[in-house]
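Colleague:
Number of protein chains: 2
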Amino acid sequence: MLYLVGLGLADEQDISVKGLEVVKRCHHVILENYTSILHCGVERLEQFYGKPVQVADRETVESFSEQILEKAVDEDVAFLVVGDPFGATTHSDLLMRAHRKGIKVRTIHNASIMNAVGACGLQLYAFGQTVSICFWTEKWRPDSFYLKIAENRKMNLHTLCLLDIKVKEASEENIIKGKYHIYEPPRFMTVNEAVDQLLQIEAERGLGVCGPDTLVVGIARIGGQDEVIACGKASEIVKHDFGAPLHSLIIPAPKLHELELEALLERFSIAPRN
Amino acid sequence: MLYLVGLGLADEQDISVKGLEVVKRCHHVILENYTSILHCGVERLEQFYGKPVQVADRETVESFSEQILEKAVDEDVAFLVVGDPFGATTHSDLLMRAHRKGIKVRTIHNASIMNAVGACGLQLYAFGQTVSICFWTEKWRPDSFYLKIAENRKMNLHTLCLLDIKVKEASEENIIKGKYHIYEPPRFMTVNEAVDQLLQIEAERGLGVCGPDTLVVGIARIGGQDEVIACGKASEIVKHDFGAPLHSLIIPAPKLHELELEALLERFSIAPRN
Numbered sequence: 013m014l015y016l017v018g019l020g021l022a023d024e025q026d027i028s029v030k031g032l033e034v035v036k037r038c039h040h041v042i043l044e045n046y047t048s049i050l051h052c053g054v055e056r057l058e059q060f061y062g063k064p065v066q067v068a069d070r071e072t073v074e075s076f077s078e079q080i081l082e083k084a085v086d087e088d089v090a091f092l093v094v095g096d097p098f099g100a101t102t103h104s105d106l107l108m109r110a111h112r113k114g115i116k117v118r119t120i121h122n123a124s125i126m127n128a129v130g131a132c133g134l135q136l137y138a139f140g141q142t143v144s145i146c147f148w149t150e151k152w153r154p155d156s157f158y159l160k161i162a163e164n165r166k167m168n169l170h171t172l173c174l175l176d177i178k179v180k181e182a183s184e185e186n187i188i189k190g191k192y193h194i195y196e197p198p199r200f201m202t203v204n205e206a207v208d209q210l211l212q213i214e215a216e217r218g219l220g221v222c223g224p225d226t227l228v229v230g231i232a233r234i235g236g237q238d239e240v241i242a243c244g245k246a247s248e249i250v251k252h253d254f255g256a257p258l259h260s261l262i263i264p265a266p267k268l269h270e271l272e273l274e275a276l277l278e279r280f281s282i283a284p285r286n
Numbered sequence: 013m014l015y016l017v018g019l020g021l022a023d024e025q026d027i028s029v030k031g032l033e034v035v036k037r038c039h040h041v042i043l044e045n046y047t048s049i050l051h052c053g054v055e056r057l058e059q060f061y062g063k064p065v066q067v068a069d070r071e072t073v074e075s076f077s078e079q080i081l082e083k084a085v086d087e088d089v090a091f092l093v094v095g096d097p098f099g100a101t102t103h104s105d106l107l108m109r110a111h112r113k114g115i116k117v118r119t120i121h122n123a124s125i126m127n128a129v130g131a132c133g134l135q136l137y138a139f140g141q142t143v144s145i146c147f148w149t150e151k152w153r154p155d156s157f158y159l160k161i162a163e164n165r166k167m168n169l170h171t172l173c174l175l176d177i178k179v180k181e182a183s184e185e186n187i188i189k190g191k192y193h194i195y196e197p198p199r200f201m202t203v204n205e206a207v208d209q210l211l212q213i214e215a216e217r218g219l220g221v222c223g224p225d226t227l228v229v230g231i232a233r234i235g236g237q238d239e240v241i242a243c244g245k246a247s248e249i250v251k252h253d254f255g256a257p258l259h260s261l262i263i264p265a266p267k268l269h270e271l272e273l274e275a276l277l278e279r280f281s282i283a284p285r286n
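See below:
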């Protein structure tokens with residue numbers, strides 16, 4: 013049997029009681045480690061579970077999938093995913109192959125940024141489609157996420173922006189040299205970088221999505237003890253220090269419900285009180 | 013200190029390890045019991061926590077809010093919410109008042125239908141705004157949710173439809189007689205009722221949102237051992253038995269990604285195989 017177990021947002025203790033029991037019972041435990049990160053290391057997980065955890069990253073996940081499918085025919089395998097198992101991907105390939113092999117699958121859900129974002133006081137109902145903001149390079153400056161935010165704002169909906177993560181990626185220079193396995197240090201896009209890119213696109217396209225005076229909300233390490241939720245004008249948030257990863261950004265709808273505005277301004281504003 | 017603790021989707025064991033520790037440590041434990049339901053009763057929670065749980069329903073939540081705010085100044089209070097604490101409401105009033113009294117608040121997040129819906133194989137990124145479908149009465153037949161689904165479909169986005177819950181509500185007849193406290197039996201809208209209403213609106217408005225041949229997905233008791241995810245034409249799903257509550261409905265985007273379509277048709281279709 014294959015268990016997809018969500019680990020939640022922050023550390024080893026965010027797993028559910030049900031999830032922990034499953035992990036303790038399973039013969040094999042594999043962590044999907046490339047679409048998000050916990051605030052704690054794998055060692056903490058191993059210690060907490062009292063058993064070894066194998067780590068599947070972007071490069072090895074395919075071979076791990078093979079192993080998972082082979083083993084789950086007769087044994088219990090736990091595939092751990094940070095957040096909810098379906099937060100970042102549907103795991104369609106793995107689940108389809110499990111289905112075809114007649115392997116039973118059970119999901120133990122958990123929190124993901126997709127619902128935890130409600131902590132900032134904005135109604136989850138009033139969010140439109142979620143967008144991903146990716147790192148620009150010198151030559152590659154996509155801005156399709158800007159247009160999606162514009163669509164959401166036109167319908168007076170909020171937008172959750174997930175920010176880019178680069179883990180175990182080789183530099184262009186090394187790829188050209190064929191050195192695929194010399195990795196750059198991991199990079200996690202900050203709220204500042206995301207807002208800066210949006211301000212640049214706004215200056216070019218001018219659809220009123222994110223100008224210097226637009227109210228935006230930055231979130232860091234949500235669910236952790238040191239979580240930060242901070243709201244202010246884009247021109248202020250772009251300079252605000254949110255600390256360590258992971259960061260997310262919210263571009264609220266143009267017209268906020270009274271209670272939403274009150275929550276943002278009174279509980280999370282970085283502006284000095286008058 | 014005030015802790016908002018998400019209980020997750022199904023039963024007492026869906027609380028996180030962190031959440032359980034908080035509940036065990038708290039002096040007062042109050043369950044918000046009107047925006048969603050667990051598959052188990054309050055007694056199971058009490059047994060699991062080893063302490064009494066007070067139940068706040070729609071009528072008593074205001075007086076419980078007062079109590080929470082009074083007690084949380086000096087003591088630790090856990091306010092339990094089915095799903096994620098911010099899934100159905102922002103709890104803005106409670107949190108604003110806590111903020112003004114200088115009461116520290118900490119949130120222990122958990123899964124909610126808003127992210128667990130990814131279990132059906134549709135990308136969470138490709139969902140537009142969430143809608144609520146409410147019970148019609150003889151005279152009151154709102155259809156604004158239909159227009160929101162139409163907006164999502166125009167942008168090729170999926171729609172999660174949350175289905176109405178009526179708990180502790182008096183009948184119109186009894187309200188007229190002043191008998192506010194004679195409650196009707198609880199009602200939970202089924203996938204069938206929701207699809208039936210959509211088919212009726214479609215017949216009138218004809219925007220192509222949910223006709224007899226539209227592919228729709230019904231979900232029941234997500235996260236539970238007897239969870240059901242079933243996909244088919246609206247004319248078939250409207251007759252399909254999904255069993256006990258809670259139910260949710262998804263109206264997928266008109267054009268699905270290949271992997272999404274494969275998941276729906278191969279893993280969740282109710283149509284007999286050719």
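Chains as they are written, first to last, in this note's numbering: chain A, 13 to 286; chain B, 13 to 286. All C-beta atoms, glycine included, are put in the ideal place defined by N, C-alpha and C.
Measure from the C-beta of residue 126(A) to each C-beta in chain B and report whether the shortest distance is under 8 angstroms.
Modeller: yes
Colleague: Taking only the alpha-carbon atoms, compute the straight-line gap between residue 120(A) and residue 95(A) and give it to the nearest angstrom.
Modeller: 11 angstroms
Colleague: Looking only at C-alpha atoms, which of 126(B), 135(B), 180(B) and 150(B) sits nearest to residue 1(B)?
Modeller: Because residue 1(B) is not part of the residues shown, which for chain B are 13 to 286, the question remains open.
Colleague: Specify, as a first and last residue, the run of the beta strand (DSSP E) that residue 175(B) falls within.
Modeller: 171–175
Colleague: For residue 104(A) and chain B, any beta-carbon pair shorter than 8 angstroms?
Modeller: Cβ-Cβ to chain B under 8 angstroms: yes for residue 104(A).
Colleague: Check distances from the C-beta atoms of the region 25–55 of chain A to those of chain B and list, in chain order, the residues that come in under 9 angstroms.
Modeller: 25, 26, 27, 28, 29, 30, 31, 32 and 33
Colleague: Between residue 111(A) and chain B, is there a C-beta pair that is closer than 8 angstroms?
Modeller: yes
Colleague: Output the boundary residues of the beta strand (DSSP E) element that contains residue 269(B).
Modeller: Per DSSP, residue 269(B) belongs to no beta strand (DSSP E) and is neither H nor E.
Colleague: At a Cβ threshold of 8 angstroms, is residue 59(B) touching chain A?
Modeller: no
Colleague: Determine, for residue 69(A), whether the minimum Cβ-Cβ distance to residues of chain B falls below 8 angstroms.
Modeller: no
Colleague: Quick one: is residue 194(A) buried, meaning 16 or more other Cβ sit within 10 Å of its Cβ, or exposed?
Modeller: exposed
Colleague: Can you find a C-beta in chain A that's less than 8 angstroms from the C-beta of residue 18(B)?
Modeller: yes
Colleague: Distance, Cα to Cα, residue 226(B) vs residue 226(A)?
Modeller: 39 angstroms
Colleague: Excluding five sequence neighbours on each side, which residues of the same chain lie with their C-beta closer than 8 angstroms to the C-beta of residue 244(A)?
Modeller: 227, 228, 252, 281, 282 and 283
Colleague: Return the residues of the region 149–182 of chain A that lie within a Cβ-Cβ distance of less than 8 angstroms from chain B, sorted by chain order.
Modeller: 163, 167 and 169
Colleague: Within its chain, find whatever has a CB closer than 8 angstroms to the CB of residue 44(A); leave out the 5 residues flanking it on each side and keep chain order.
Modeller: 68, 73, 91, 92, 93 and 94
Colleague: Candidates 261(B), 56(B), 108(B) and 99(B): which alpha carbon is nearest residue 81(B)'s?
Modeller: In this structure, 108(B) is the residue among 261(B), 56(B), 108(B) and 99(B) with its C-alpha nearest to the C-alpha of residue 81(B).
Colleague: Is the CB-CB distance between residue 168(B) and residue 265(B) below 8 angstroms?
Modeller: yes
Colleague: Using a Cβ-Cβ cutoff of less than 7 angstroms, which residues in the same chain neighbour residue 24(A) once the five nearest sequence positions on both sides are dropped?
Modeller: Take residue 24(A), set aside five residues on each side of it, and the residues of its chain with a beta-carbon closer than 7 angstroms to its own are 52, 56, 57 and 60, in chain order.
Colleague: Just the chain A side, please: which residues come within less than 8 angstroms of residue 248(B) by C-beta, in chain order?
Modeller: In chain order: nothing, as chain A lies at least about 21 angstroms away.
Colleague: Over the uninterrupted alpha helix (DSSP H) stretch that includes residue 206(B), give me the two end residues.
Modeller: If you look at residue 206(B), you'll find it in the alpha helix (DSSP H) that goes 203–217.
Colleague: Quick one: is residue 160(B) buried, meaning 16 or more other Cβ sit within 10 Å of its Cβ, or exposed?
Modeller: buried
Colleague: Are residue 261(A) and residue 133(A) touching if we call contact CB-CB under 8 angstroms?
Modeller: No; because the gap between Cβ atoms is not below 8 angstroms, this pair is not in contact.
Colleague: In terms of DSSP beta bridges, what is residue 195(B) paired with?
Modeller: 182(B)
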